[in-house]
Amino acid sequence: MINFPNAKINIGLNITERRPDGYHNLETIFYPVNIKDALEVIEAPELSFESSGLDIPGRVEDNLCIKSYHLLKKDFDIPPVKIHLHKNIPIGAGLGGGSADAAFFIRLMNDKFDLDLTIDQQLNYARKLGADCAFFIENKPVFAFEKGDEFETIKLDLSGYSIVLVMPMVHISTSEAYSGVKPAMVKQSLLELILEPISQWKNQIKNDFEANIFKNHVEIRGVKAALYQAGAIYASMSGSGASVFGIFDKTPDLGELEQDNQVFYNI
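Just so you know, this note's numbering puts 218 at position 238 of the sequence shown, and the rest follows in order with no gaps.
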């Protein structure tokens, strides 16, 4: 059985306060986009994991698909499986690729082995794996808050626009991203700002990670400037970076950006 985990972008990201458990409370808009991995699971004599496509750093036992398997195995008598992941979603990009793989693995195992998990049960498993994993269970636009794992459904449809994503050859670690952030409560919530016309987002919707990351990585700042120069209605870094997306009325020509970056059109 195979499915295709997709990425997400963040439209706005406000870090509001540090939590006693070491995490941060935040608010953001998660929006699914059409950059996809491929995930295949087949029954096998023993549990194994292999990947193709982009190189996945770290130990196999730390991969979120493997962790998802062990999480389900505690509660269900599931057989060993062979997991193959073809990695296409850029890593260290703020696109939630690893979280998507974990959530889609839960969904796939539920279907393959008839586990009869409710949506709420799938959400609870996903929340144990990472802050944004749960988003990919239902995989629809939401206002996310607390650690980024509590959601309120919103009506946001960008299908009439061309969304382009640019991935510089830079990797931003979570520790680097948070090192320059000063949590602060917001005057106006993203839940309200997202209702404004997209033409107003540039002046009202921000990503708190950008200021420090742009200071340390001028190439990422340059990508955002180039997207606006190419006619973007709104442009922003996604999550903690390093990817930057632009929303356009029509598909732009970003040939110059393609020389030093990976560019995904019409996502």
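Backbone N, C-alpha and C fix where the C-beta goes; we use that ideal spot for every residue, glycine too.
Small disclaimer: the values here were computed from a predicted structure and weren't measured.
Q) Are Ile(-11) and Ser218 close, meaning C-beta to C-beta below 9 Å? A) The answer is yes: Cβ separation under 9 Å.
Q.
Taking the beta carbon of Asn187 as the centre, do at least 16 other beta carbons fall within 10 Å, making it buried, or is it exposed?
A. Classification for Asn187: buried.
Q. Among the residues of its own chain, which have a CB less than 8 Å from the CB of Gly49, if the five just before and after it don't count?
A. A quick correction: the sequence has Tyr, not Gly, at residue 49. Cβ neighbours of Tyr49 beyond the five flanking positions: Leu27, Ile58, Val61, Ile63, Phe85 and Met89.
Q: Mind checking which residues open and close the alpha helix (DSSP H) that includes Asn104?
A: Following the DSSP letters along the chain, one finds Asn104 inside the alpha helix (DSSP H) bounded by residues Ile99 to Arg107.
Q) Is Gly78 closer than 9 Å to Asn119 when the C-beta atoms are compared? A) 9 Å or more divides the Cβ of Asn119 from the Cβ of Gly78.
Q) Can you tell which of Pro(-15), His4, Ile(-5) and Cys113 has the C-alpha that lies nearest to the C-alpha of Asp17? A) Restricting attention to Pro(-15), His4, Ile(-5) and Cys113, the CA atom closest to the CA of Asp17 is found in Pro(-15).
Q: Quick one: measure Cβ to Cβ for Leu19 and Leu65, integer angstroms, because I've assumed they're closer than 8 Å.
A: Rounded, the Cβ-Cβ distance is 5 Å, consistent with contact.
Q. Helix, strand or coil: how does DSSP classify His197 here?
A. Of the three classes helix, strand and coil, the one that applies to His197 here is coil, per DSSP.
Q) How would you label Met(-19), buried or exposed, when you count the other beta carbons within 10 angstroms and need 16 or more for buried? A) Taking all protein chains shown into account, Met(-19) has fewer than 16 neighbouring C-beta atoms within 10 Å of its C-beta and is therefore exposed.
Q. What do you get for Asn196, buried or exposed, if any count of 16 or more other CB atoms within 10 angstroms of its CB means buried?
A. Looking at its Cβ environment, which holds fewer than 16 other Cβ atoms inside 10 Å, Asn196 is exposed.
Q. Is the beta carbon of His151 sitting closer than 9 Å to the one on Ala222?
A. For His151 and Ala222, yes; Cβs fall inside 9 Å.
Q | Whole-angstrom distance between Lys182 and Tyr3, CA atom to CA atom | A | When only Cα atoms are considered, Tyr3 and Lys182 end up about 28 Å apart.
Q: Go to Asn183, then tell me how far its beta strand (DSSP E) extends in each direction, as first and last residue.
A: Per DSSP, Asn183 lies in no beta strand (DSSP E); the unbroken alpha helix (DSSP H) holding it starts and ends at Ile178 to Gln184.
Q.
Which same chain residues end up closer than 6 Å to Ala111 when comparing Cβ atoms and leaving out the 5 residues on each side of it in sequence?
A. By the criterion of a C-beta distance shorter than 6 Å, Ala111 is surrounded in its chain by Lys127, Gly128 and Asp129, once the five residues flanking it on both sides are discounted.
Q. For Pro12, does the count of other Cβ atoms within 10 angstroms reach 16, so buried, or fall short, so exposed?
A. So Pro12 ends up on the buried side.
Q. Between the Cα of Arg(-2) and the Cα atoms of Ala191, Phe125 and Glu172, which residue gives the shortest distance?
A. Out of Ala191, Phe125 and Glu172, Phe125 has the C-alpha closest to the C-alpha of Arg(-2).
Q. What residue range is occupied by the uninterrupted beta strand (DSSP E) comprising Lys248?
A. This structure leaves residue 248 out entirely; the chain is present only between -19 and 247.
Q: Pull up the distance between the alpha-carbon of Lys230 and that of Gly211, whole angstroms please.
A: Cα-Cα distance, rounded: 9 Å.
Q | With 16 other Cβ atoms within 10 Å as the buried cut-off, status of Asp240 | A | The residue in question, Asp240, is exposed, as its Cβ has fewer than 16 Cβ neighbours within 10 Å.
Q) Hey, would you say Phe189 sits closer than 9 Å to Ile9, going by beta carbons? A) No, Cβ-Cβ distance for Phe189 and Ile9 is not below 9 Å.
(Q) Taking the beta carbon of Gln102 as the centre, do at least 16 other beta carbons fall within 10 Å, making it buried, or is it exposed? (A) Answer is buried; the Cβ neighbour count reaches 16.
Q: Under the assumption that Val203 contacts Pro148 (Cβ atoms under 8 Å), give the Cβ distance between them as a whole number of angstroms.
A: Val203 to Pro148, Cβ: 6 Å. Contact.
**Q.** Local conformation of Thr231 per DSSP, three classes
**A.** The answer is coil: DSSP assigns Thr231 none of H, G, I, E or B.
**Q.** Selection from Ile22, Ile46 and Leu95 that minimises the alpha carbon distance to Phe56
**A.** Nearest Cα to Phe56 within the set Ile22, Ile46 and Leu95: Leu95.
Q | Residues of its chain near Glu41, where Cβ-Cβ distance is below 6 Å and the 5 sequence neighbours each way are ignored | A | There are no such residues.
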